[in-house]
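Below is one structure, written out as structure tokens; the observations come after it.
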Amino acid sequence: MRSRRQRGSVMLFVLVMVGMMTVAILATVELTTSAAILQNKREASAKTRLAFEGAVNRALTEIRDGKSSVPDQRSYQIGDLDVKIDVTDNGASMAKTYKIVGTTVFAGREYIFERIVGNRQNPTPFAYAVFVNENFDPKKSITINGDMVVNGSIASRTFPFNVSGDLESSGTTLSFTASVGANTMLGASKVNMPTVSSLPYITAALVTWATGTVTNIVFGAGAEPKLIYRLGDVTIGGTVSGNGTIYVDGNVTIGSNLSYTSASDRLVVIATGKITVGAAATSFVGHYFTPTEFVTNATTNNLTKGSIVSQKLTLNGAIQVTHDSYFWDDPTEGAKYRLPGMWP
Amino acid sequence: MAKRAFTLIELLLAVALTGMILGVTIATYAFTVTRLAQTTARFTSTDQVRKVLDEVEDVVRDSVNVTVVSTAQNPGLKCTLAADSKKAADAASSRLLAADRLANPITISKRGYERHGSGKRVWFYMGDASGNFGTAGAYLWRAERNDDSNPTAADRVMGWSNYYTSGGSRFPVLTGFTFSLDAVNRNVSMTAIGRSLWRDERSGTGSDGDSQTFTESRTVSWRHWFK
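Each protein sequence line maps, in turn, to chains A and B.
Going by the working numbering, the letters in the first sequence line up with residues 1016 to 1359, in that order.
Going by the working numbering, the letters in the second sequence line up with residues 9 to 235, in that order.
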């Protein structure tokens, strides 16, 4: 029979040993568990974030392709995650943007992401200051206050080439130094050049021009843009009063300087033939569309407010274009002015 | 009843049993402690390597451009954050801002891609304890500037690189951090190596093979904000 003291010593010894082992084992388990939890959290964060990015891209693609509209709520299965996407128009805070909020649950925990993204629509050529639908040879100096897109390559020249916004080209190389304020986008997908048909314009026009030379264009009162039709070549110059579109079944020459009489005036010229800036027209305004060629002949050709949409751009004189972003800011106005691709 | 002492057999049995129990216990304890040290070392290596990669990745993902700049053959990863990015350090506290979201765009291109503009330049480079860019060493440094010049001592983010803004490195087990660029596809491939020693080796009784080395590589894209 052990004495009480003997039993106590054994008990104490056993307790100390068990305690030490328990502490060591618990510490190991705790450390391993902590590492596992940390790793799981990182994995969950990365996985849910990537799933959200995938869902955002799918949502933007479907909106661009017209398969959904904004606002929109939908779910995407990305891998084994169900990502709920809530797309709302963020235009009030920033023009042409969406706010996308994504929610997904992984391992019982909810993850929420948010992004402000651009509305990735296919742009109209009038969104740019200058649009050229084939290879472009900048054989004179060029200054663009806005964006420029070339559906082709840009030849290498030594003349100054300045673009304050984006310079986009479907060509893959730019073998000269251009000064570009925003981004140079090479290998860009082509922006569609719309076709134009005379018949709808003939039908819609309430005014026709009989003469081949018009100095001082008057569209008349009223906010709605007017439509003028001209069969044959025409030379324009002087001032523009009011707002409207001139459709010319022929060539257009800007024979002298052309300016607006007020800030709200707006001119659109659509020609089936060539548009030429004459040697005497150093300053002009308006949005110009031609499926053939836009030619500059003055020493300096300053389009102070407008845009050029042309199959080909030939520079016999330096050109400066300041973009009028009116149709980019409000595309519904494009239909009112009967812009190709937006009307009929 | 007469008192009776232990017999010799009982004493021998007691000593033998105690010895066996003590032996097993001590062996188990030693094994557990060793494993604990190894696990700690392994955890430290893994944790620090992943922490480094996570934090660099966080910056790269919110950058509009990334380049590699070398001084005295010691390269630095220069990340130009988006203008609205929240991934720069708080100047007052020298600690990172708690901002999970990516930068919001400044404007939108005609194709609907986000334009961000250029914000802070965040640098990551290995250097010596001084943190001067261009020195060689095993310290990972972060520096921030508002222009494209190389970082100076004043640009170091001490709270990120060190504990308590001074003293020891925040990533003491990191032995290597390398990176390379794919400018065409706009991504950075980076590798971090951590090597942590466990206790026996620290006391000089372990061998080099006892260290716990962990290596992880990642490829991270910076912003594809136009295509």
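Every residue gets a Cβ at the ideal spot worked out from N, C-alpha and C, and that includes glycine.
Just so you know, these numbers come straight off a predicted model, no measurement behind them.
- Residue state for A:V1211 is assigned as coil, using DSSP reduced to three classes.
- Going by beta carbons, A:V1098 and A:F1067 fall inside the 8 Å limit.
- Counting C-beta pairs with one atom in each stretch, the stretch 1249 to 1262 of chain A and the stretch 1277 to 1286 of chain A have three or more that are closer than 8 Å, which means they touch.
- By DSSP's assignment, A:P1346 forms no beta bridge with any residue.
- Nearest neighbour of A:T1118 by Cα position, chosen from A:T1112, A:F1128, A:M1109, A:A1110, turns out to be A:F1128.
- A:P1086 counts as exposed, since fewer than 16 other beta carbons sit within 10 angstroms of its beta carbon.
- From the beta-carbon of B:E18, no residue of chain A is found nearer than 8 Å; the closest lies around 11 Å away.
- CA-CA distance, A:F1141 to A:S1322, rounds to 7 Å.
- Closest in C-alpha terms to B:G167, from the list B:V192, B:W149, B:I201, B:D155, comes B:W149.
- Here B:W230 carries a coil assignment [DSSP, helix/strand/coil].
- Just so you know, the alpha carbons of B:V41 and B:L20 end up roughly 31 Å apart.
- B:P113 belongs to the set of residues whose beta carbon lies under 8 Å from a beta carbon in chain A.
- By the neighbour-count criterion, in which a residue is buried when 16 or more other Cβ atoms sit within 10 angstroms of its Cβ, A:K1056 is exposed.
- Chain-order list of chain A residues neighbouring B:S117: G1133, P1138, D1162, G1180, D1181, E1183, A1197, N1198, M1200, by C-beta distance under 9 Å.
- Per DSSP, B:D55 is not a residue of any beta strand (DSSP E); the alpha helix (DSSP H) it occupies stretches across 16 to 69.
- Ranked by Cα distance from A:V1324, the first of A:N1331, A:A1313, A:A1296, A:D1339 is A:D1339.
- A:T1112 has a beta carbon lying within less than 8 Å of a beta carbon in chain B.
- Taking CB atoms only, B:D136 has no neighbour in chain A less than 8 Å away.
- Put simply, the backbone Cα of A:L1354 is about 50 Å away from that of A:F1121.
- With a 10 Å radius around the Cβ and a threshold of 16 neighbouring Cβ atoms, B:A49 comes out buried.
- In the structure shown, A:A1236 adopts coil according to DSSP, grouped into three states.
- With a cutoff of 8 Å on beta-carbon distance, A:Y1244 and A:T1228 are scored as not near each other.
- With respect to A:P1175, A:S1204 sits apart: the two C-beta atoms are not nearer than 8 Å.
- With respect to chain B, the C-beta atom of A:Y1143 has a partner C-beta closer than 8 Å.
- The three-state reading of DSSP puts A:V1038 in helix, counting H, G and I together.
- A:Q1136 sits in coil when the DSSP states are folded into three classes, being neither helix nor strand.
- When 7 Å is used as the limit between beta carbons, A:L1214 is near no residue of chain B, the shortest such separation being about 30 Å.
- Taking C-beta atoms as the reference points, B:G145 and B:A80 fail to come closer than 8 Å.
- Of the other Cβ atoms in all chains shown, fewer than 16 fall within 10 Å of the Cβ of A:M1026; this residue is therefore exposed.
- Around the C-beta of B:S138, fewer than 16 other C-beta atoms lie within 10 Å, and the residue is accordingly described as exposed.
- Within the DSSP bridge table, the entry for A:E1125 names A:V1120 as partners.
- By the Cβ rule, the stretch 1069 to 1080 of chain A does not count as touching the stretch 68 to 80 of chain B, because fewer than three pairs are nearer than 8 Å.
- Proximity of the stretch 187 to 206 of chain B to the stretch 29 to 41 of chain B falls short of the contact definition, fewer than three beta-carbon pairs being nearer than 8 Å.
- As the crow flies, the alpha-carbon of A:I1078 is around 25 Å from that of A:L1201.
- Among the residues of chain B, those whose CB is under 8 Å from the CB of A:L1046 are L44, T47, T48, F51, following chain order.
- Assigned with DSSP and collapsed to three states, A:G1252 falls in strand.
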